[in-house]
Amino acid sequence: MKPPHTAPHTAPRTARRNGALTRVTHDARPFLRARTGTVLRLAGWSLLEFVQTFLGGFGVARALDHGFLAGRPLTGLLWLAVAAVAVLPAQLATRGVFGRLADLVEPLRDGLVRRAVSRALSGALAHPAGTTARSLSQVTHQSEIARDGWAGLVLTLRSFVFTVAGAVAGLLALEPRLLLVVLPPLILGAALFLATLLPMAARQRDYLTADEAYAAHAGKAAADLRDIAAAGAADRTVTESRALAEDQVRAARSLARWSGVRVVALAVCGRFPPLLLLIGAPWLLRNGLTPGALVGALTYLTQALAPAVQALMTMLSTVGGRLLVVLDRFTDAPPPPAEDKTEDKTEDKTEDKDGDRQPPARAGAPVAELRAVTFAYGPAAHPVLDRLSLTVAPGEHLAVVGPSGSGKSTLAAVLAGVEAPTGGTVLWHGRPVRGADATSVRVLLPQHAYVFTGSLRDNLRYLRPGADDRSIAAMIDALGLDPLLSRLGSLDADLEPDRLSQGERQLVALGRAYLAAPPLTILDEATSRLDPAAETRAELAFAALPGALVVVAHRLSSARRADRILVMDGPRTRCGTSAELLRTSSLYRDLAGLWEPDEEPRRKNGEPEQAPHKSGRGNGFISSPPPSPV
């Protein structure tokens, strides 16, 4: 358990905050410089909003001074109409603004995704053991947060700039002395608000960090309750939980205090200017300010400036801090990778991914071995394999038979290291299974063959990229791929998976495994779509290779060709030769007695096709769905 957590000091917090702003600003400058044209076009469309704001207050002032108060109601109505009509071009400009906004926002998201992917790939190549899920969150979630936050910030900031510019221009046109009353609270409130930006971003980050730390601690403590009770560490765990909770409370309270300062800044900007204008109205009117100009100034303050200021501050307070934190995740240095535990590459010892020493491969050890292996698909599920022990010797040919659902495909997956047993041990060459050894020890072919779009040569050399034409020719002759090769024209012909039959797909996958020639080949009904003659040819070709062969059989002929046969009926198993099993296994006698003779393939052109289902218990040897290809 870690020692009680302590709150971060102010100096590191300030350094981190300033570092985040520096990194984000440093990357933002070249991004905006490269899109100067887009920014100018966006500003061009926004000029219509400037015009609308200017005419809104100016039209009201002229309507009063030169219209209604002067006894000319028609003139007053015309000025009001001008102020109203000015809204239409600003609304039409919305389409142009959003068009330019896309040119400014989408490149940001694309650039962040490229940066995250590039960093993840570089980190994985340099430190395979130090990879994390951080980049996945950046690509899927954080990049969208940055995209939406940037779009909202650009829209709000653009509207604020041109609305304030239009209102200030209108106030100057009405009476310059109005700025003496309006500008001081605006400047004071804006300065107070800007002063809260960096502290608020830091507090938001501190709160997120404290929240993540508490959640991680709570999850670990919940998972280790038994160990905590056994070690008598309950008091220590409670102390650590309390310290982490107090950190979270302190961060939340600090965030709330700065939010209060932000509310004060918003009130100074939005509420004080109209109040000061009304208080100073007698003095302004005595010094030449007209009633229309006073009403026009109030129009600017209440209908333009106050909403724009409130929208900007709300956007910056809710989105700005989060945007800064997210962008900092993309711009800061990636977390240091986990310590690289280099493997000892000597012949007598190896090291697994957890740094534990592996015993050396024993000379003459079985290619694969199961020692009292148990496997179940859930804590309360009945075991599919129940303390099964099995050895597969080098060069041995083993067949696995049994009714559908008896666990044949599960056995193949456990033997191949695709599924980890819930009990017992799986060994390859006398040592525990390691994922790093998989491609050099075994090949597992499921019933549904994987074929990708590309050349026939690339598909066949998928597991052995260096295979030469002589090896490929020998494989084609051994497995009988000549009809497929003749139909395609050459090894370099394009292979379209959708235009291959299921039998042809299985032949391509078999050819791929044959070229790889691993120490252990596992065929989990990988020949189920071939006719009996093609299946026999393929199995004999694999049996002639030096490696061991395990076949999950769906025809009795496949089982009879094997050196040994493993009969599975759920957790109950029996292993032996065909003659031995006919004497000792009632299930094998039942399956053999009800098995119909192999039918002739129905296609006259010799194309492989699926063998018909056989009658008998559980559809004969037809297996359950196979695992994914490895």
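Using our numbering, read the sequence shown as starting at 28 and increasing by one per residue. Ideal placement from N, C-alpha and C gives every residue a C-beta, glycine not left out.
Item                                                                                                                                   : Value
Buried or exposed by the 16-neighbour rule on C-beta atoms within 10 Å, applied to residue 312                                         : exposed
Start-end ranges of the beta strand (DSSP E) lying completely within the segment 422 to 483, minimum 3 residues                        : 424 to 428, 450 to 455 and 469 to 472
Unbroken beta strand (DSSP E) run spanning residue 551, endpoints                                                                      : 547 to 551
Exposed unless 16 or more other CB atoms sit within 10 angstroms - verdict on residue 310                                              : exposed
Residue of 561, 584 and 484 minimising C-alpha distance to residue 539                                                                 : 484
C-alpha distance - residue 453 paired with residue 437, whole-angstrom precision                                                       : 13 Å
Contacts around residue 451, its chain only, beta-carbon distance under 6 Å, and the 5 residues preceding and following it disregarded : 398, 399, 400 and 401
Under the three-state DSSP convention, the category residue 98 falls into                                                              : coil
Same chain, Cβ closer than 7 Å to residue 81, five either side skipped, listed in chain order                                          : 193, 196 and 197
Cβ pair residue 275, residue 237 closer than 8 Å                                                                                       : yes
contact_flag[the segment 551 to 565, the segment 408 to 422] where n(CB pairs < 8 Å) is 3 or more                                      : no
Closest Cα partner of residue 12 within the set 79, 64, 85 and 588                                                                     : Since the first and last residues shown for the chain are 28 and 657, residue 12 lies out of range.
Assigned secondary structure, residue 590 (DSSP; H/G/I helix, E/B strand, else coil)                                                   : coil
Unbroken beta strand (DSSP E) run spanning residue 395, endpoints                                                                      : 395 to 402
Whether residue 524 touches residue 478 by CB criterion (8 Å)                                                                          : yes
Minimum C-alpha distance to residue 64 - residue among 131, 287 and 422                                                                : 131
Close beta carbons around residue 261, own chain, < 7 Å, minus the five adjacent residues each side                                    : 255
Neighbourhood of residue 595 by C-beta distance below 8 Å, restricted to the same chain and skipping five residues each side           : 427, 428, 429, 433, 434, 435 and 438
Contact set for residue 564: own chain, Cβ-Cβ below 6 Å, skip 5 residues either direction                                              : 507
Segment contact flag, the segment 290 to 299 with the segment 332 to 339, C-beta cutoff 8 Å, min 3 pairs                               : yes
Where residue 540 falls: helix, strand or coil (DSSP)                                                                                  : helix
DSSP-derived helix/strand/coil call for residue 319                                                                                    : helix
Option in 273, 316, 604 and 146 with minimal Cα separation from residue 208                                                            : 316
Reduced DSSP secondary structure (H/G/I, E/B, other) of residue 612                                                                    : coil
Reference residue 480, options 499, 516, 520 and 457, closest by Cα                                                                    : 520
Residue 595 - partner residues in DSSP beta bridges                                                                                    : 600
Whether residue 176 touches residue 350 by CB criterion (8 Å)                                                                          : yes
Inter-residue spacing [alpha-carbon to alpha-carbon] between residue 170 and residue 144                                               : 12 Å
Endpoints, alpha helix (DSSP H) assigned at residue 413                                                                                : Counting along the chain, residue 413 falls outside any alpha helix (DSSP H), though it belongs to the beta strand (DSSP E) covering 412 to 419.
Burial state of residue 239, where buried means 16 or more other Cβ atoms lie within 10 Å                                              : exposed
Boundaries (first-last residue) of the beta strand (DSSP E) holding residue 577                                                        : 575 to 579
Distance between residue 186 and residue 179 (C-alpha atoms, nearest Å)                                                                : 11 Å
Beta-carbon gap between residue 173 and residue 141 smaller than 8 Å                                                                   : no
Residue 300: first and last residue of the uninterrupted alpha helix (DSSP H) it sits in                                               : 299 to 306
Distance CB(residue 75)-CB(residue 66) smaller than 8 Å                                                                                : no
For residue 129, the nearest candidate out of 62, 87 and 114 (CA to CA)                                                                : 62
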